[in-house]
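Notes to accompany the following structure.
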Amino acid sequence: MKWVLFVLVIIVILVIVISVYAANFFLNVALFRNNKWYDETGHKMMNPDNFNKGKSQYDLIEEQQIQQGDAFWQLAFAQDHWLKTGGEKLYSRLIIPHPESKKWVICVHGYRSFGKRDMAFVASKFSEQGYNILVPDLKAHGKSTGNVIGMGWLDRLDLLKWIQEVLVIEPAAEIILFGGSMGAATVMMTSGENLPENIKGFVVDCGYSSVYNEFGAMLRSAFKLPAFPILTIANALAKKKVGYSLKDASSVRQLEKNELPTLFIHGTGDKFVPHQMLYENMEATNGVKESLIVEKAPHLSSFIYEPEHYFETVFEFIHRYC
1 MKWVLFVLVI IVILVIVISV YAANFFLNVA LFRNNKWYDE TGHKMMNPDN
51 FNKGKSQYDL IEEQQIQQGD AFWQLAFAQD HWLKTGGEKL YSRLIIPHPE
101 SKKWVICVHG YRSFGKRDMA FVASKFSEQG YNILVPDLKA HGKSTGNVIG
151 MGWLDRLDLL KWIQEVLVIE PAAEIILFGG SMGAATVMMT SGENLPENIK
201 GFVVDCGYSS VYNEFGAMLR SAFKLPAFPI LTIANALAKK KVGYSLKDAS
251 SVRQLEKNEL PTLFIHGTGD KFVPHQMLYE NMEATNGVKE SLIVEKAPHL
301 SSFIYEPEHY FETVFEFIHR YC
C-alpha cells in the first residue's frame, strides 16, 4: 500500500512539474514578441491555413487585394504617424483622402501581424465610402516597439489613445472601430470602456471571446494538450510575466457594458479562432447587433471568400445603425 501511495505522489509531482513547464513554455511562445520556436514551428501549428497557399481562386483574389492595398498605402494622402506612450513608440499610418469628411475608421490588425498586412485593403474600401483612416501597429507588432503582446487587453488602452489622436485632427469625427482577429478582440475589449460620443459603432471579424478561452482552444487543437491543468497554471503565471490575467482579458465581459451597434463576422473554416466564439460575443453585447457568417472561410479571410457580400454587409450595417 505504501508503494502505491509513493507511486501516486511521484506521478502527481511529475504532472505538476510538467504542467508548470508547459504553461511557462506556452506563455513565452504566445505572449512575447521575439520567440524563435513560434517563428519556426508554432505559427504553422497554430494557424495552418497561412501555410496552405496555392493558386486557388481565393489565393488569386487575395493577391489582387494585397496589390490594391499596397498601392493605396503609398498614395500621397497617406503618412506615418507616431504616438509615444508608457516608454514605447507606437506607429500608425494616417490616411486622409477626404479632408472635409467627418467620417473616420480605425482599422486594427491581428495577432503577430501588422496594420499594412491585414488592413491596407480594408482601408482602401473604407476610403471608397468617404472615410479617413487610421491604421495602427499594436504594441510589440510591426513598426511599434514593445515585447509583451497585449492580446487586445493591454491594446484597448492604446486604442483609446489612438481615438484621441483622431479627435485632435478632427474633433467632430464620427468614428467606426474595425478589427480583425486580435484586432477584433481589441475593439471588443475597448467597447466596454468609457468612450467619447464620437465612437458610433464596431465591426469585428473573427475575434475571440477571451484570451483564456482562445488559449484553451489552441492547446487542444494545435498542441494536442489538455487545457487543464496547463491553462490554470498559465493564468496564474501570466499576471506576473505579462501584467494581466488571461481570464480578465475577456471580450465577453467588456461587451456586456457595450450599447453601441456591433457587426460580428466569422468564417466557419477558421482553425485559429473557433467560429462558435462569435455567438458568445454576440450574446454578450447589449447594443444593436448583427452577424455575417461566411461558409468555409479560414481565419480573417471572409473578405477574400465573399468580398462583395462582405463589404456590402459592412457598409449597409454602418449606414443603417451608425
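In UniProt numbering, the protein residues as written are 1 to 322.
Note that CB positions come from ideal geometry on N, CA and C, so glycine has one too.
Buried or exposed by the 16-neighbour rule on C-beta atoms within 10 Å, applied to residue i
i, result
"residue 325", "Lying outside 1 to 322, the shown extent of the chain, residue 325 is not represented and no answer is given."
"Lys-240", "exposed"
"Pro-298", "buried"
"Thr-262", "buried"
"Ala-30", "buried"
"Ala-238", "buried"
"Trp-37", "exposed"
"Thr-41", "exposed"
"Pro-226", "exposed"
"Leu-292", "buried"
"Val-17", "exposed"
"Gly-207", "buried"
"Leu-14", "exposed"
Option nearest residue i by Cα separation, candidates the options
i, options, result
"His-319", "Lys-200, Glu-100, Ile-304, Val-294", "Lys-200"
"Ser-92", "Ile-66, Glu-100, Ala-120, Gly-86", "Ala-120"
"Gly-243", "Ser-302, Phe-311, Leu-27", "Leu-27"
"Ile-169", "Cys-322, Asn-147, Pro-99", "Pro-99"
"Ala-173", "Ser-101, Lys-224, Pro-229, His-141", "Ser-101"
"Asp-270", "Gly-180, Val-29, Ser-245, Glu-165", "Gly-180"
"Lys-116", "Lys-103, Met-151, Ile-18, Lys-143", "Lys-143"
"Asn-286", "Pro-274, Glu-256, Phe-264, Met-277", "Glu-256"
"Asn-50", "Met-182, Ala-234, Trp-153, Leu-300", "Leu-300"
"Trp-104", "Glu-88, Asn-132, Ser-124", "Asn-132"
"Gln-79", "Leu-94, Lys-296, Ser-124", "Leu-94"
"Glu-259", "Ala-236, Ser-124, Asn-194", "Asn-194"
"Ile-176", "Leu-90, Tyr-208, Gln-129, Trp-153", "Gln-129"
"His-109", "Ala-234, Phe-178, Gln-68", "Phe-178"
Other residues of its chain near residue i: CB distance less than 6 Å, five sequence neighbours each side excluded
i, result
"Pro-97", "Phe-77, Ser-127"
"Val-122", "Cys-107"
"Val-294", "Gly-267, Ser-302, Tyr-305, Glu-306"
"Arg-33", "Ala-140, Asn-147"
"Lys-289", "Thr-262, Met-282"
"His-275", "His-266, Thr-268"
Contacts around residue i, its chain only, beta-carbon distance under 7 Å, and the 5 residues preceding and following it disregarded
i, result
"Leu-60", "none"
"Asp-155", "Leu-138, Lys-139, Thr-186"
"Ser-210", "Lys-247, Ala-249, Ser-250, Ser-251, Val-252"
"Glu-62", "Ile-304"
"Ser-124", "Gln-68, Gly-69, Phe-72"
Identified DSSP bridge partners for residue i
i, result
"Val-294", "Gly-267"
"Asp-205", "Gly-180, Ile-265"
"Ile-106", "Leu-134, Leu-177"
"Arg-93", "Asp-80, Val-135"
"Val-148", "Phe-32"
"Ser-210", "Ser-250"
"Thr-85", "Glu-88"
"Lys-125", "Note: Lys-125 sits in no beta bridge, so no partner."
"Ile-199", "Ile-175"
"Lys-289", "Thr-262"
Sequence-distant residues of its chain with Cβ nearer than 8 Å to residue i (five each side left out)
i, result
"Gln-57", "none"
"Gln-65", "Phe-121, Phe-303, Ile-304, Pro-307"
"Gln-254", "Arg-156, Met-188, Met-189, Thr-190, Ser-191, Gly-192, Glu-193"
*Evaluate the contact criterion for the region 155-169 versus the region 125-145: three or more CB pairs, one atom per stretch, below 8 Å.*
yes
*asked:* Could you check whether the region 216-234 touches the region 175-195, counting it as contact only if at least three pairs of C-beta atoms, one from each stretch, sit closer than 8 Å?
replied: no
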